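Letter 131 of the sequence shown, counting from 1, is numbered 131 in my numbering, and no numbers are missing.
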Amino acid sequence: MRNSNDSRAKGRRRCVRGSPEEETGIKKSYTSLGRAAGNYPASELERDLALLPSAARLLTQDRFTVFCAQGVTIPRVLREIGALRERTFRQVGEGTGRVIDLDAFDLFYEHLFVWDAYTRSITGAYRLADVDALRSEGCALYTESLFDYAPAFFDRVGPTVELGRSFVRLENQGGPTLAMLWRGIGAWLVRHPEVGHLMGAASIDRRYPDAAIACMVSWLARHRGRNELSGLLHPRLPYRGVGDTLARDLSELQTQVKRLDAEGRGLPILLRHYLNLGGKTIAFNVDPDFSFVVDALVSVDLSLVDERRLLRFMGPEGFALVRSRRRWMEAS
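Laid out in structure tokens, this is it:
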């Protein structure tokens, strides 16, 4: 098996082949870097940005620009993203416990990030991968470290983009960053019109009491479960909590979770975004490498998303693309 630190032929992606647990060279090298977020001079980050092709710039609004680039092409930006991830996740009871949250997947996955030209800083980021493209190269997916997929799983789902490791810096929450990231995903989808599904692991952190976590998992499995896919994968460390809820819809579930949580929090923001797009849960896994959060594997079928939400999410061009795909599916 080729080690993920080895060079590959020019023009080919570096990728984890087989079990991610066996490909730890990159992970170990990043944990020893020791720099905290914000210690990288803006000029170093701007060196990476200056080397990117114009196609890496997805959209700009006022002082904010959304870029998308493969990790191996943005070494300084990638290290900053890893440091910001760890700092942001720790603030909500998550995180890896390492100095920097980077793993072997980060070099060959793409990174969607928002750059603030005024503060000369990264305000948030998302990690994504074209599932079919990676699998065709024999590369492992990040979610394979959480779930064991049967070969038929992706044949059933169809072309998919895997999303994950999203964050918005605490000082930028409440601003335009989250909306810009989602618009960036929409812009990415416009460039990949064959992709019809979003899929990702949405975390429920352990600051929620056990009763609230069990309540969420129970309701999601019952009312938003994608049962036709649940038999095609197995969580590597299944969530074993037992709970129940009489909530009839998301609004009632939100209210119940707030009552159970000492901080009065409702559903996790990312999970709520997926659900508002019509997302469905497939399985639940406990991640011991990430503060034992409960990961809900969520799938969003873009052809079923409410058109008003889709327009806001993808913009006019992306909306027209998905609507034309819907009409083609209805006619065929």
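Backbone N, C-alpha and C fix where the C-beta goes; we use that ideal spot for every residue, glycine too.
Treat the numbers as computed from the prediction; the structure is a model and nothing was measured.
1. Using the Cα positions of residue 73 and residue 312, report the straight-line distance between them to the nearest angstrom.
2. Are at least three pairs of beta-carbons, each pair with one atom in the segment 255-262 and one in the segment 194-203, less than 8 Å apart?
3. State the CB to CB distance for the pair residue 101 and residue 75, rounded to an integer number of angstroms; the pair is presumed to be in contact (CB under 8 Å).
4. Just to confirm before moving on: does the CB-CB distance between residue 113 and residue 124 stay below 8 Å?
5. For residue 115, write down the residues that DSSP places opposite it in a beta bridge.
6. Touching or not, the segment 142-161 and the segment 206-225, by the rule of three or more beta carbon pairs under 8 Å?
7. How many angstroms separate the CA atom of residue 318 from the CA atom of residue 106?
8. What does the alpha-carbon distance come out to for the pair residue 190 and residue 184?
9. In the DSSP assignment, find the alpha helix (DSSP H) that holds residue 75 and state where it starts and stops.
10. Note down the Cα distance separating residue 40 from residue 164, rounded to an integer number of angstroms.
11. Does the separation of the CB atoms of residue 235 and residue 290 fall below 8 Å?
12. Spell out a yes or no on whether the segment 117-135 and the segment 221-239 are touching, meaning 3 or more CB-CB pairs, one atom from each, closer than 8 Å.
13. Whole angstroms are fine: how far does the CA of residue 324 sit from the CA of residue 91?
14. With residue 186 as the anchor, note down where its alpha helix (DSSP H) starts and where it stops.
15. For residue 291, name the three-state secondary structure that DSSP assigns.
16. To the nearest whole angstrom, what separates the beta carbons of residue 84 and residue 68, a pair I think is in contact under 8 Å?
17. Kindly indicate which three-state DSSP category residue 70 falls into: helix, strand or coil?
18. Hey, out of 52, 150, 179 and 157, whose CA is closest to residue 298's CA?
19. So what does DSSP say about residue 315, is it helix, strand or coil?
20. Whose C-alpha, out of 153, 303 and 258, is nearest the C-alpha of residue 277?
To lay it out plainly:
1. 30 Å
2. no
3. The pair is not a contact, with the Cβ atoms about 16 Å apart (cut-off 8 Å).
4. yes
5. DSSP, once it has assigned bridges, lists 65 and 122 as partnering residue 115.
6. no
7. 27 Å
8. If you take the alpha carbons of residue 190 and residue 184, they lie about 10 Å apart.
9. For residue 75, the enclosing alpha helix (DSSP H) has its first and last residue at 75-90.
10. If you take the alpha carbons of residue 40 and residue 164, they lie about 24 Å apart.
11. no
12. no
13. Answer to the nearest angstrom: the Cα atoms are 42 Å apart.
14. 177-191
15. coil
16. That belief does not hold up - the Cβ atoms of residue 84 and residue 68 are roughly 17 Å apart, past 8 Å.
17. strand
18. 157
19. helix
20. 303
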